[in-house]
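Peer 1: Residue numbers (the numbering used here), protein chains in the order written: chain A, 166 to 435; chain B, 166 to 435. Note that CB positions come from ideal geometry on N, CA and C, so glycine has one too. Let me give you the structure first, and then I'll get to my questions.
2 protein chains.
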Amino acid sequence: MSKIHSLTIMVLSDSVGGTASNVVHAALSQFPNVEYELKNFPFIREQSQLQTVLEKAKKFNAVILHTFVDTMFVDMIESFCFEQDITCIDVINPLIKEVTAQTNTMPQHKPGANHMLDDKYFDRISALEFAVKYDDGKDPKGFLEADIVVLGISRTSKTPLSIYMANQGYKVANLPLMPESSLPDELWQVDEKRIVGLTNEEEMLSNIRRERMISYGMNPETPYSSMERIRREIQFAEDLYNKLNCKIINVSSKSIEETSAIIIDSLNNH
Amino acid sequence: MSKIHSLTIMVLSDSVGGTASNVVHAALSQFPNVEYELKNFPFIREQSQLQTVLEKAKKFNAVILHTFVDTMFVDMIESFCFEQDITCIDVINPLIKEVTAQTNTMPQHKPGANHMLDDKYFDRISALEFAVKYDDGKDPKGFLEADIVVLGISRTSKTPLSIYMANQGYKVANLPLMPESSLPDELWQVDEKRIVGLTNEEEMLSNIRRERMISYGMNPETPYSSMERIRREIQFAEDLYNKLNCKIINVSSKSIEETSAIIIDSLNNH
């Protein structure tokens, strides 16, 4: 287990290369002992560009993932890789072929179609702006417009979660909870199904807050990081969640992606 | 071309299902005339759960995409789909198998490993918090800490771009440009390679701003949306970009993903 294997993975795309990069991150997370370099080659729109990149793949003995929608480019990669004995994985064409077959519809073969500036795109952009505008309880009027209202005490990842969900098109507002601060009236006007209360383990919060103090160059033993204080905050939050009858998520061992998937799953099943 | 074909696509995952969902969006963007429903089934960790979901796939005659890391689940899906004549596409195992072969290392078969709360995760969370904190020129001290400083006049997608790049781990601060406002001193201390100036077409800005006024219930013909005003703003911004000698990107027909890929590509090639 001590030896670290190393690998070069190249993502080739006629657009951003995001889809294939995600596949690389997901697959390689299963190999904590393998060191890999992910080289992204976006916006390849000319055969000469592709040829240059393929030569690089040969030089690095790389594994190739690609997401070309022009079949000429796909053929060019496949024959090069076959000749040079390089592995190439086609990330989107298996599904494109299946959809073609099932619907008897031809794909448009349009590079960058995944990033079209359509209504859905602009809704997502608005949602991102919304999340920033209504972050941190800045304006409780946002609660009435939001798809989801996230509540939580300090250091429960309210902001990153709100933004992550905004990037998926949801309008999210969040409110930090403190036993001392009064709650905005708007909160009681929100449908409980749209409210999510975040909580965390005492121990975890204490560690996070102590580290935060240290990063500020302060003594970690502040009232902010004391167990008694944290217990009081958690209790206050959980009492409120019960009063609101909202969904409660303990984020202690969850990433924002996981918390987000739980929230969306619960919204869809209501 | 008038007939709309419809299709159900199911994403099955032991984790969030984000990787496969991205593949679905990318592939289906090639079929503007195909209406599809994407049903996401995240966090499948029991065989009985999987069995229930597979029965649903049969009922909907769905195409399945999956990202299971436990081979028993993969086998279960594949034999079910073979028997029932359902198409299933394995999104991450082709690459997992290739990495196993090339590095002679076994994958850990750990669901959710892609969402480990490791240093990289917390760096990304910090970057998201950074982007919100230093959005809209709120505190120019952020420029000195940022990996990338984004400049732009109103409605050039500074905020969504900053957040999108933060989600990839970059610390991004942004500053809105207005001919009237003075520039913070910190701007001149930033390495020009880390500054990006956004610009846009006059026509496009005028339309966006007029629509913004209409959405506010105001007369669209304001100084804010007048061509003369917009021309002056663009000129002011471009003069500044030339003075700073920074990279300039015209975002008029680019999504934030595309703009982001251009910025990262240019950073990597410096």
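1) What are the residues that DSSP puts in a beta bridge with B/Asn415?
2) Here's a check: name, in chain order, each residue in its chain whose Cβ is nearer than 8 Å to the Cβ of A/His274, leaving out the five neighbours to either side.
3) Is it buried or exposed for A/Val176, if we count other Cβ within 10 angstroms and need 16 for buried?
4) If you reduce the DSSP assignment to three classes, tell me which class B/Ile257 lands in.
5) Assign A/Gln354 to one of two classes, buried (16 or more other C-beta atoms within 10 Å of its C-beta) or exposed (fewer than that).
6) Does the distance from the CB of B/Gly182 to the CB of B/Thr232 come in under 9 Å?
7) For the region 283–298 of chain A against the region 323–339 of chain B, do three or more pairs of beta-carbon atoms, one drawn from each stretch, fall closer than 8 Å, so that the two count as touching?
8) Around the C-beta of B/Asp255, are 16 or more other C-beta atoms found within 10 angstroms, so that it is buried, or is it exposed?
9) In whole angstroms, give me the CA-to-CA distance for B/Lys204 and B/Asp304.
10) To the nearest angstrom, report how far apart A/Met166 and A/Asn187 are at their CA atoms.
11) Does B/Ser425 come within less than 9 Å of chain A when only Cβ atoms are used?
12) Using beta carbons (cut-off 9 Å, strictly below), is A/Ser167 in contact with chain B?
13) I'd like to know whether the C-beta atoms of B/Asp404 and B/Arg359 end up nearer to each other than 9 Å.
14) Spatial neighbours of A/Ile318 within its chain, please: C-beta separation below 6 Å, excluding the five flanking residues on both sides.
15) What do you reckon, are the CB atoms on B/Val297 and A/Val315 nearer than 9 Å?
16) Three or more beta-carbon pairs under 8 Å between the region 241–249 of chain B and the region 240–248 of chain A, yes or no?
17) Would you mind reading off the limits of the beta strand (DSSP E) that contains A/Phe206?
18) Taking only runs that begin and end inside the region 219–289 of chain A, name each unbroken alpha helix (DSSP H) of 4 or more residues, in chain order.
19) When the Cα atoms are used, what is the spatial distance from A/Ile174 to B/Glu263?
20) Excluding the five sequence neighbours on either side, which residues of its own chain have a C-beta within less than 8 Å of the C-beta of B/Arg210, listed in chain order?
21) Helix, strand or coil: which one does DSSP assign to B/Asn407?
22) Please report the Cβ distance between A/Ile395 and A/Ser371, rounded to the nearest whole angstrom; I am assuming they are in contact, meaning their Cβ atoms lie under 8 Å.
23) Relative to chain B, which residues along the region 371–396 of chain A have a C-beta separation below 7 Å, given in chain order?
24) Any idea if A/Ala266 is buried or exposed, counting beta-carbon neighbours within 10 angstroms, 16 or more meaning buried?
25) Just the chain A side, please: which residues come within less than 8 Å of B/Val176 by C-beta, in chain order?
26) Tell me, which residues are paired with A/Gly317 by DSSP?
27) Report the neighbours of B/Ser346 on chain A: residues whose CB is nearer than 7 Å to its CB, in chain order.
28) How big is the Cα-Cα spacing for A/Ser194 and B/Asp283?
Peer 2: Based on what the coordinates show:
1) For B/Asn415, the pairing in a beta bridge is given by DSSP as B/Thr364.
2) Excluding positions up to five away in sequence, the list reads Val234, Asp235, Thr236.
3) So A/Val176 ends up on the buried side.
4) It is coil, neither helix nor strand.
5) That one is exposed.
6) By the CB criterion at 9 Å, B/Gly182 and B/Thr232 fall inside the cutoff.
7) Three or more beta-carbon pairs drawn from the region 283–298 of chain A and the region 323–339 of chain B are found closer than 8 Å, and the two stretches are therefore classed as touching.
8) So B/Asp255 ends up on the buried side.
9) If I take the Cα positions, the gap works out to 42 Å.
10) The predicted model places A/Met166 with a pLDDT of 45, which falls under 50 and marks its position as unreliable, so this point remains unresolved.
11) At least one chain A Cβ lies under 9 Å of B/Ser425.
12) Bear in mind that a pLDDT of 45 at A/Ser167, under 50, signals an unreliable position, so the number given afterwards is only what the model happens to contain. Answer no: the Cβ-Cβ gap between A/Ser167 and chain B never drops below 9 Å.
13) Going by C-beta atoms, B/Asp404 is not nearer than 9 Å to B/Arg359.
14) Within its own chain, the residues whose Cβ lies closer than 6 Å to the Cβ of A/Ile318, once the five positions on either side in sequence are excluded, are Leu342, Glu398, Ala402, listed in chain order.
15) In this structure, B/Val297 lies away from A/Val315, with their beta-carbon atoms at least 9 Å apart.
16) Three or more Cβ pairs closer than 8 Å define a contact, and the region 241–249 of chain B falls short of that threshold against the region 240–248 of chain A.
17) Taken as a continuous stretch (DSSP letters only), the beta strand (DSSP E) holding A/Phe206 covers 199–206.
18) You should have 236–249, 258–268.
19) One C-alpha to the other measures close to 11 Å.
20) Excluding its 5 nearest sequence neighbours in each direction, B/Arg210 has C-beta neighbours in its own chain below 8 Å: Asp179, Pro276, listed in chain order.
21) B/Asn407 falls in the helix class under three-state DSSP.
22) The Cβ separation is near 6 Å, so the contact holds.
23) Within the region 371–396 of chain A, no residue qualifies.
24) Flag for A/Ala266 reads exposed.
25) Chain A residues near B/Val176: none, gap ~11 Å exceeds 8 Å.
26) Answer is A/Pro341, A/Leu363.
27) Per Cβ cutoff of 7 Å: no residues; B/Ser346 is ~20 Å from chain A at best.
28) One C-alpha to the other measures close to 11 Å.
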